[in-house]
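Written out below as structure tokens is the structure these notes cover.
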Amino acid sequence: MTLEAGRLAQQAGGSALIRYGDTVVLCTATASREPREGIDFFPLTVDYEERLYAVGKIPGGFIKREGRPSEKAILSARLIDRPIRPLFPKGFRNDVHVVGTVLSVDQDNPPDLAAMVGVSAALSISDIPFHSPTAAVLVGYIDGNLRVSPTLAQMEKSDLHLVVAGTKEAIMMVEAGAREVTEEVVLEAILLAHEKIKELVDFIEEFAAEAREMGLAKEKIQIDKPVLPEVIDVDFREFARTRMENAIYQIARQGLSKKERENTIKSTKDDTMEEFFQENPDLTEENGEATKACQEVLDELEKSLLRKMVLQDRIRIDGRKLDQVRPIYCQVGVLPRTHGTGLFTRGETQVMTVATLGAVSDEQILDGLGVEESKRYMHHYNFPPYSVGEARPMRGPGRREIGHGALAERALEPVLPSEEEFPYTIRLVSEVIGSNGSTSMGSVCGSTLSLMDAGVPIRGPVAGVAMGMIKEEQEVAILTDIQGVEDALGDMDFKVAGTQKGITALQMDIKTTGIDREILSSALEQANKGRIYILEKMLSAIAEPRPELSPFAPKIIRTNIDPDKIRDIIGPGGKIIKRIIEETGVEIDIEDDGRVFIAAVNSEAGDRALQIIETLTQEVEVGRIYVGRVTRVTDFGAFVEVIPGVLGVQGKEGLVHISQLAETRVEKVEDVVKYGDEILVKATGFDQQGRLKLSRKEALRERRNDRREKP
Numbered sequence: 181m182t183l184e185a186g187r188l189a190q191q192a193g194g195s196a197l198i199r200y201g202d203t204v205v206l207c208t209a210t211a212s213r214e215p216r217e218g219i220d221f222f223p224l225t226v227d228y229e230e231r232l233y234a235v236g237k238i239p240g241g242f243i244k245r246e247g248r249p250s251e252k253a254i255l256s257a258r259l260i261d262r263p264i265r266p267l268f269p270k271g272f273r274n275d276v277h278v279v280g281t282v283l284s285v286d287q288d289n290p291p292d293l294a295a296m297v298g299v300s301a302a303l304s305i306s307d308i309p310f311h312s313p314t315a316a317v318l319v320g321y322i323d324g325n326l327r328v329s330p331t332l333a334q335m336e337k338s339d340l341h342l343v344v345a346g347t348k349e350a351i352m353m354v355e356a357g358a359r360e361v362t363e364e365v366v367l368e369a370i371l372l373a374h375e376k377i378k379e380l381v382d383f384i385e386e387f388a389a390e391a392r393e394m395g396l397a398k399e400k401i402q403i404d405k406p407v408l409p410e411v412i413d414v415d416f417r418e419f420a421r422t423r424m425e426n427a428i429y430q431i432a433r434q435g436l437s438k439k440e441r442e443n444t445i446k447s448t449k450d451d452t453m454e455e456f457f458q459e460n461p462d463l464t465e466e467n468g469e470a471t472k473a474c475q476e477v478l479d480e481l482e483k484s485l486l487r488k489m490v491l492q493d494r495i496r497i498d499g500r501k502l503d504q505v506r507p508i509y510c511q512v513g514v515l516p517r518t519h520g521t522g523l524f525t526r527g528e529t530q531v532m533t534v535a536t537l538g539a540v541s542d543e544q545i546l547d548g549l550g551v552e553e554s555k556r557y558m559h560h561y562n563f564p565p566y567s568v569g570e571a572r573p574m575r576g577p578g579r580r581e582i583g584h585g586a587l588a589e590r591a592l593e594p595v596l597p598s599e600e601e602f603p604y605t606i607r608l609v610s611e612v613i614g615s616n617g618s619t620s621m622g623s624v625c626g627s628t629l630s631l632m633d634a635g636v637p638i639r640g641p642v643a644g645v646a647m648g649m650i651k652e653e654q655e656v657a658i659l660t661d662i663q664g665v666e667d668a669l670g671d672m673d674f675k676v677a678g679t680q681k682g683i684t685a686l687q688m689d690i691k692t693t694g695i696d697r698e699i700l701s702s703a704l705e706q707a708n709k710g711r712i713y714i715l716e717k718m719l720s721a722i723a724e725p726r727p728e729l730s731p732f733a734p735k736i737i738r739t740n741i742d743p744d745k746i747r748d749i750i751g752p753g754g755k756i757i758k759r760i761i762e763e764t765g766v767e768i769d770i771e772d773d774g775r776v777f778i779a780a781v782n783s784e785a786g787d788r789a790l791q792i793i794e795t796l797t798q799e800v801e802v803g804r805i806y807v808g809r810v811t812r813v814t815d816f817g818a819f820v821e822v823i824p825g826v827l828g829v830q831g832k833e834g835l836v837h838i839s840q841l842a843e844t845r846v847e848k849v850e851d852v853v854k855y856g857d858e859i860l861v862k863a864t865g866f867d868q869q870g871r872l873k874l875s876r877k878e879a880l881r882e883r884r885n886d887r888r889e890k891p
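Under our numbering, think of the first position of the sequence shown as 181, with each following residue one higher.
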């Protein structure tokens, strides 16, 4: 791995060219000169730009240039974003734009991992304040051994695909897909990855130090941290603390719903500010600034009091115990005409997932930098505004929706049947119809229910649970099945999906240091208990996949033919295959290796199409006896069709020479057979021109001998 600065993108705030094998990524980081006014969040944008010239491809389609980022590019941008976002200074409001442009790709060295390291290097030498360099590594689990930075061929055999990012001091992010591996394996992989990350961070720090010596690093932007007036920071904070504490503990005792809790907190904040302003009339002149400052104090108090309640009193905002899962309700077969439906409700979070089965032609075509050309399993996640009681326009899926959909897709992938077992394209759509945290894991559970309802023979049901953690010095609390408010106030949130055997997907984001082996182990163990509990609830709704597919799902028949016979099915200009489709109403997909998939609305149509294909590709076996039909009679013999033609395509016929018509001498062919007669013939071989030779005489003799041998 090499890092370079000073040659490319010199106008950017910071730039680094990273080379990892033959993978090359240009990483840049640029900030606006002034902070954005009137916002209370950090405006960071991360883009990951895939260029198809990096793998020697020209984009498909009419326009022939890259368009919107692919799903893979969006997921890669999220991978870069998540570990670096917590490392910018609190209160930094300048727009920051981070870009990773993929220039060359070596399939053994993933460009997204290179970009994660390159972006950290670019930020380290930029003018953007950034706490600490980060790095990322990939870990696989191959033949019972953990391996860092495995090759593409090795990853195909790996039971674990684990990406870990972090600083020297802390793990910041984990993203994993797995084939039912144990919590112990995942834990060891994370800790191994962190050791390698420390080495990479040293490498980035050496690069940044050398860049500074050469004058290639820029001075950091200075941040003016706003200082709250003492009357608000001290007096108002004390004035509000008791009122907020009473309200929060009352909410926990009463177990209020999300809306009731939000309304209670809002009214408490409004009443507190109103009382304080009445007691401090001097603040009314600068009411706008004072209100904003008071709101900031109240938000800080709410977060700190909720954390204190969990850490000291072991009570959560809805009154649950730390390891308690919200009430669960599951239902299948909700929609009458779909192929499979699963409704999963956990507390106020509600997800309905619908399964649709399709033909091979329904696979998604991938036009990206990877080696995969298509995928037969897709999961799409929709998060409409009404699910959180908001009124706003609905656009296309955002990055968050694509990320959540990919996580749930990864969770179910290891338990799906192979194409040989189940030759269907599978699409799942999760509709979030109510949200109070953990919707991505709700879509995992809904996916399992819908697949089982659709009759897909999955290897085992998968459930998911969202976990949280709050840490203050030595005090640690791990929360099972977190709500939205607990996600925001915690120091770590992680989502774990899997079967009873092990983990299939994991996503972890950490915002603090000091997360040691013991804490991670406890968190994974508690997540396992929560996952098993949820699985039991799901299995009470449907214990196993339905034995039959929905009557509205297509019926798919698979057969194999000699690849040289593909042209016989397609015909000149596709004429034959079009006739088959028109006559039977099926869809036919033919692979280059000779696999043929027939998708039909009913079994009769599928069987008819299969019969036609088998007839078209059937070869005459030398030595076999056939019942054939006489198609022509000549002076020297009779032509007999042994495999009938279909759809106007001539069948397979051969010649029975006059000498092979009977065991006695035949003077005239018509004395033995006539046009249209059905006779027994034996295929005896082919002449020098490849024409089939048949014998009625040998067929009769063989049948007579067979009868003699029978007792």
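Quick reminder that beta carbons are idealized off the backbone N, C-alpha and C, glycines included.
If you're wondering where the values come from, they're calculated on a predicted model, not measured in any experiment.
Sequence-distant residues of its chain with Cβ nearer than 6 angstroms to residue 628 (five each side left out): 641 and 642
Would you list the one or two residues that DSSP bridges to residue 554? 545
Residue from 368, 317, 338 and 656 whose Cα sits closest to the Cα of residue 346: 317
Should the region 332-342 be regarded as contacting the region 232-245, the criterion being three or more beta carbon pairs within less than 8 angstroms? no
Delimiting residues of the beta strand (DSSP E) encompassing residue 284: 274-284
On the CB-based measure, 16 or more other CB atoms within 10 Å of its CB, does residue 465 come out buried or exposed? Any answer about residue 465 is weak, because its pLDDT of 46 lies below 50 and its placement is not dependable; what the coordinates show is given next. Answer is exposed; the Cβ neighbour count stays below 16.
Among all the DSSP beta bridges, which residues are the ones paired with residue 824? According to DSSP, residue 824 bridges with nothing at all.
With DSSP collapsed to three states, give me the class of residue 791. helix
Leaving out five residues on either side along the sequence, give the residues of the same chain with a beta carbon under 6 angstroms from the beta carbon of residue 843. 877
To the nearest whole angstrom, what separates the beta carbons of residue 635 and residue 726, a pair I think is in contact under 8 angstroms? 4 angstroms
Candidates 453, 498, 486 and 492, of which the one nearest residue 476 by Cα: 453
Determine, using beta-carbon pairs with one atom in the region 360-369 and one in the region 403-416, whether at least three such pairs fall under 8 angstroms. no
So for residue 647, helix, strand or coil by DSSP? strand
Would you report the Cα separation of residue 502 and residue 779, rounded to the nearest angstrom? 50 angstroms
Own chain residues within Cβ distance below 7 angstroms of residue 770, not counting five before or after: 746, 749 and 776
Within this structure, are the beta carbons of residue 734 and residue 865 separated by less than 8 angstroms? no
Where do the N-terminal and C-terminal ends of the alpha helix (DSSP H) with residue 374 fall, by residue? 363-393
Cβ of residue 813 within 8 angstroms of Cβ of residue 855? yes
Under a three-way DSSP split, which group does residue 604 fall into? coil
Within the region 222-262, note down every full beta strand (DSSP E) run reaching 3 residues or more, in order along the chain. 224-230
Quick one: residues in its chain with C-beta nearer than 7 angstroms to the C-beta of residue 262, no 5 flanking neighbours on either side, listed in chain order? 353 and 689
At which residue ranges does the region 744-799 contain complete beta strand (DSSP E) runs of 3 or more residues, listed in the order of the chain? 767-770 and 775-780
With H, G and I counted as helix, E and B as strand and the rest as coil, what does DSSP make of residue 397? coil
Report the residue from 764, 765, 793 and 783 whose alpha carbon sits nearest the alpha carbon of residue 774. 793
Taking residue 679 as the reference, give the member of 647, 716, 700 and 699 with the closest Cα. 716
Distance, Cα to Cα, residue 326 vs residue 674? 22 angstroms
Is it right to say residue 437 is buried, meaning 16 or more other beta carbons lie within 10 angstroms of its own, or is it exposed? exposed
CA nearest to the CA of residue 491, picked from 659, 861 and 357: 659
Can you list, in chain order, the residues of its chain whose CB lies under 6 angstroms from that of residue 815, leaving out five sequence neighbours each side? none
Is the beta carbon of residue 852 closer than 8 angstroms to that of residue 879? no
Enclosing beta strand (DSSP E) for residue 431 [first to last residue]: Careful: residue 431 lies outside any beta strand (DSSP E), inside the alpha helix (DSSP H) at 417-434.
Just to confirm my understanding: we take residue 349, look at its own chain, exclude 5 residues before and 5 after, and list those with CB closer than 6 angstroms. What are they? 693
Within 10 Å of its beta-carbon, does residue 292 have 16 or more other beta-carbons around it, so buried, or fewer, so exposed? buried
Under 8 angstroms by Cβ, that's how I've got residue 273 and residue 223 pegged, so tell me the actual separation to the nearest angstrom. 7 angstroms
Please report how far the alpha carbon of residue 478 lies from the alpha carbon of residue 599, in whole angstroms. 56 angstroms
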